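**Q** First the structure, then my questions, so here it is.
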Amino acid sequence: MPQRAATIVGGGIGGLAAAVALHRRGWRVEVLERAPEFTEIGAGISLWPNALHALDVLGLAEHVRALGAVEAGGGVRDRQGRWLSRTDNAELTRRFGHPLVVLHRADLLRALTEALPADSLRSGSEVYAVREDGQDLVVDHRGGESRPDLVVGADGLRSVVRRTLWPEAAGPRYAGYTAWRMITEPLAEPPAEGAAIWGRGERFGYTALPGGRMYCFATASLPAGGATGSSDSEYAELGRRFGSWPDPVPALLAAVPADAVLRHDLYDLPPLPSFASGRVALLGDAAHAMTPNLGQGACQALEDAVTLAHCLDGAPDVSAALRSYDRLRRPRTRAITRRSARLGAVGQLSWAPAVLLRDTAARLMPTRATLRSMKPVLGWTAPGTPSAMTKSESR
């Protein structure tokens, strides 16, 4: 079979992972990224065992793991700082084959870009349209046009590819709360465990990064569109809201540079009728943007990437391969999107009796039951791998 060409629209985690997966199966790839460079700023990312399994398929799991931090454990605490539930990272590894690893998003992107030919990465290449010209598939972009055998729309929540080919699909919907993300300076004594602290209509979470830094995030139930655009004013807002929360929150906030706070309203995407249209596929946020409550947005994009490459491997009919990809990915990501939304709704409860009931239920939930409930998300294995085939044969 002659070498086939793929154009990936979007140079985030999902797009780059798809490019790596296809490149390693003999495809000629180009990644069109609107931004002037391939990078991310100011935020950490949690890679759960299923994401590391996907990176294993790409041959990058050990490299990425070395770039991140593995905490002993973590869990959920209440507004007074008491533990509601805890998770042991060693137990995650035992059950699912990998630990939870946290690293800077820019480090993950760098690992993915370094696995690709330099001439396949085209920054400053905004895409205007995806169309058909007779038998050809055409991508119009700032640098001209491309005529690949496959187009992958990995261009995020407000995807141009999705709007072009799924014009009737519903747009993103606001989750009802906004989020702040930040990274501390190195701490002399960083917390040994990460946690998410649940308040009333507010949450604050923290987890370790390499070098003694901590990745922190916070949420508050607020109308959309309230971001000031000023990191300093957002830092002041965090101090007003969370400065009196239990330790180590005040110390973590004190270690955050005032100009290093990012704020984003949170959205998810209503279900699409398909992730594939002819020889065009969607993946990551372009297909199934979800709230970050399960830490699964990037993890699912990585799953998408290796599944897409598996379906296309040796398949003479790209359209048929993409239909297989859709059948594998859409039900799973829909279920995880719903689950993340439900967890977010529970975490953002503000009515005092409901908060008391929530916290009591979480405290009474056995750790074994919590880990068992995570299996449908974290126990994923890539199609075509021995573990996946064993699972299929055992059904």
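One gets my numbering by counting positions in the sequence shown from 1 and adding 56 to each.
Beta carbons are placed, not taken as given, at the ideal position from N, Cα and C, and that holds for glycine.
Computed from a predicted structure; not experimentally measured.
(1) Quick one: Cα of GLY200 to Cα of ASP189, how far?
(2) Extract the residue ranges of the beta strand (DSSP E) inside the region 245-301, only unbroken runs of 3 or more that lie entirely within it.
(3) Between the region 330-343 and the region 400-418, do at least 3 Cβ pairs fall closer than 8 Å?
(4) Take LEU399 and list the residues in its own chain whose beta-carbon comes closer than 7 Å to its own, dropping the five residues that flank it on each side.
(5) Which residues in the same chain have their Cβ closer than 7 Å to the Cβ of LEU278, if we skip the five residues on either side of it in sequence?
(6) At the level of alpha carbons, what is the spacing between GLY70 and GLY209?
(7) Does DSSP put ARG335 in a helix, a strand or coil?
(8) Buried or exposed: which applies to GLN191, given that a residue is buried once 16 or more other Cβ atoms fall within 10 Å of its Cβ?
(9) For GLU93, count the other beta carbons within 10 Å of its own beta carbon; 16 or more makes it buried, fewer makes it exposed. Which is it?
(10) Indicate the three-state DSSP secondary structure (helix, strand or coil) for ARG414 in the structure shown.
(11) Pull up the distance between the alpha-carbon of ALA274 and that of LEU114, whole angstroms please.
(12) Taking the C-alpha atoms as reference points, what is the distance between TYR323 and ALA226?
(13) Using only the alpha-carbon positions, how far apart do ARG90 and ASP315 sit?
(14) Are the CB atoms of ALA77 and ALA345 within a distance shorter than 8 Å?
(15) From what residue to what residue does the beta strand (DSSP E) around SER396 run?
(16) Can you tell me which of LEU108, ALA128, GLU127 puts its alpha carbon nearest to the alpha carbon of HIS50?
(17) Would you kindly work out how many angstroms separate the C-alpha atoms of MET445 and GLY67, rounded to a whole number?
(18) What residues in its chain sit with their C-beta under 6 Å from that of THR441, if we drop five residues either side in the sequence?
(19) Quick one: what's LEU206 bridged to in DSSP?
(20) Measuring only the C-alpha atoms, how far is GLY268 from ALA73?
(21) State the Cα-Cα distance for the pair ALA128 and GLY353, rounded to the nearest angstrom.
(22) Does the Cβ of ARG229 have 16 or more other Cβ atoms within 10 Å, making it buried, or fewer, making it exposed?
(23) Inspect the beta-carbon positions of LEU308 and THR263 and report whether they are closer than 8 Å.
(24) Report, in whole angstroms, the separation of the C-beta atoms of LEU156 and ASN145, which I expect to be a contact under 8 Å.
(25) Would you please state the rounded distance, in angstroms, between the beta carbons of PRO204 and ALA377? I believe it to be under 8 Å.
(26) Cα separation between ARG256 and ASP415?
(27) Quick check on this structure: which residue in PRO306, LEU325, ARG187 has the alpha carbon closest to the alpha carbon of PRO247?
(28) Output the distance between the C-alpha atoms of CYS272 and THR393, rounded to the nearest integer angstrom.
(29) Kindly identify the DSSP beta-bridge partner or partners of SER102.
(30) Between the beta-carbon of ALA251 and the beta-carbon of ARG135, is there less than 8 Å?
(31) Buried or exposed for ASP211, please, with buried defined as at least 16 other CB atoms from any protein chain shown within 10 angstroms of its CB.
(32) Could you name the residues that DSSP lists as bridge partners for LEU177?
(33) Using the Cβ count rule (16 or more neighbours within 10 Å means buried), how would you classify LEU358?
(34) Does the beta-carbon distance from ARG60 to LEU206 come in below 8 Å?
**A** Based on what the coordinates show:
(1) Numbered from 1 along the sequence shown, position 144 holds the residue referred to as residue 200. Numbered from 1 along the sequence shown, position 133 holds the residue referred to as residue 189. One C-alpha to the other measures close to 15 Å.
(2) Correct list: 251-254, 258-264, 270-276.
(3) The region 330-343 and the region 400-418 do not touch, with fewer than 3 CB-CB distances between them shorter than 8 Å.
(4) As a position in the sequence shown, residue 399 is number 343, starting the count at 1. ASN349, LEU350.
(5) By 1-based counting over the sequence shown, the position of residue 278 is 222. Leaving aside the five residues that flank LEU278 on each side, the residues in its chain whose CB is nearer than 7 Å to its CB run, in chain order, TYR233, THR234.
(6) For this step, residue 70 is matched to residue 14 along the sequence shown. For this step, residue 209 is matched to residue 153 along the sequence shown. The C-alpha of GLY209 is placed about 10 Å away from the C-alpha of GLY70.
(7) The sequence position of residue 335 within the sequence shown is 279, counting from 1. Here DSSP, grouped into helix, strand and coil, assigns ARG335 to coil.
(8) Start at 1 with the first residue of the sequence shown, and residue 191 comes out as number 135. Exposed is the call here.
(9) Residue mapping note: residue 93 aligns to position 37 of the sequence shown, counting from 1. Burial call: exposed.
(10) In the sequence shown, the residue the question calls residue 414 occupies position 358. DSSP places ARG414 in the helix class (H, G or I) of the three-state scheme.
(11) Reading the sequence shown from its first residue, position 218 is the one you call residue 274. Reading the sequence shown from its first residue, position 58 is the one you call residue 114. Looking at the two C-alpha atoms, the distance is approximately 32 Å.
(12) To locate residue 323, count along the sequence shown from 1; it is residue 267. To locate residue 226, count along the sequence shown from 1; it is residue 170. Rounded to the nearest whole angstrom, the CA to CA distance from TYR323 to ALA226 is 12 Å.
(13) For this step, residue 90 is matched to residue 34 along the sequence shown. For this step, residue 315 is matched to residue 259 along the sequence shown. The straight-line gap separating the alpha-carbon atoms of ARG90 and ASP315 is approximately 25 Å.
(14) By one-based count along the sequence shown, residue 345 stands at place 289. By one-based count along the sequence shown, residue 77 stands at place 21. Against a cut-off of 8 Å, the Cβ pair of ALA77 and ALA345 comes out as no contact.
(15) By 1-based counting over the sequence shown, the position of residue 396 is 340. Taken as a continuous stretch (DSSP letters only), SER396 belongs to no beta strand (DSSP E), being part of the alpha helix (DSSP H) at 374-403.
(16) Any question about residue 50 goes unanswered here, given that the chain covers just 57 to 451.
(17) One-based indexing of the sequence shown puts residue 445 at position 389. One-based indexing of the sequence shown puts residue 67 at position 11. Interpretation of MET445 is limited by its pLDDT of 49, a score under 50 that renders its predicted location unreliable; the figure taken from the coordinates is listed afterwards. Looking at the two C-alpha atoms, the distance is approximately 31 Å.
(18) As a first step, residue 441 is located in the sequence shown; it is residue number 385 there, counting from the start. Hits under 6 Å: none found.
(19) Reading the sequence shown from its first residue, position 150 is the one you call residue 206. ALA62.
(20) For the purposes of this step, residue 268 is taken as the residue at position 212 of the sequence shown. For the purposes of this step, residue 73 is taken as the residue at position 17 of the sequence shown. Between GLY268 and ALA73, the C-alpha separation is close to 28 Å.
(21) Your numbering for residue 128 matches position 72 in the sequence shown. Your numbering for residue 353 matches position 297 in the sequence shown. Cα to Cα, the separation comes out at about 23 Å.
(22) Within the sequence shown, numbered from 1, the residue matching residue 229 stands at position 173. ARG229 is exposed by the Cβ-count criterion.
(23) Counting from one through the sequence shown, the residue named residue 308 turns up at place 252. Counting from one through the sequence shown, the residue named residue 263 turns up at place 207. The answer is no: Cβ separation not under 8 Å.
(24) The sequence position of residue 156 within the sequence shown is 100, counting from 1. The sequence position of residue 145 within the sequence shown is 89, counting from 1. Right, their Cβ atoms sit about 6 Å apart.
(25) Locating residue 204 in the sequence shown gives position 148, counting from the first residue. Locating residue 377 in the sequence shown gives position 321, counting from the first residue. With 8 Å as the limit, PRO204 and ALA377 do not qualify as a contact, their Cβ atoms being about 14 Å apart.
(26) Indexing the sequence shown from 1 puts residue 256 at position 200. Indexing the sequence shown from 1 puts residue 415 at position 359. Distance between the alpha carbons of ARG256 and ASP415: 11 Å.
(27) Taking the first residue of the sequence shown as position 1, residue 247 is located at position 191. The residue among PRO306, LEU325, ARG187 with its C-alpha nearest the C-alpha of PRO247 is PRO306.
(28) In the sequence shown, the residue the question calls residue 272 occupies position 216. In the sequence shown, the residue the question calls residue 393 occupies position 337. Cα atoms of CYS272 and THR393: separation of roughly 22 Å, rounded to the nearest angstrom.
(29) For the purposes of this step, residue 102 is taken as residue 46 along the sequence shown, with counting starting at 1. Looking at the DSSP output, SER102 bridges to VAL158.
(30) Translated into positions along the sequence shown, residue 251 becomes position 195. Translated into positions along the sequence shown, residue 135 becomes position 79. Not closer than 8 Å, so no.
(31) As a first step, residue 211 is located in the sequence shown; it is residue number 155 there, counting from the start. Counting the other CB atoms within 10 Å of its CB gives ASP211 a total of 16 or more, which places it among the buried residues.
(32) Taking the first residue of the sequence shown as position 1, residue 177 is located at position 121. According to DSSP, which records beta bridges pairwise, LEU177 is partnered with VAL87.
(33) Walking along the sequence shown from the start, residue 358 turns up at place 302. Its Cβ being crowded by 16 or more others within 10 Å, LEU358 is buried.
(34) As a working note, residue 60 is residue 4 in the sequence shown. As a working note, residue 206 is residue 150 in the sequence shown. Going by C-beta atoms, ARG60 is nearer than 8 Å to LEU206.
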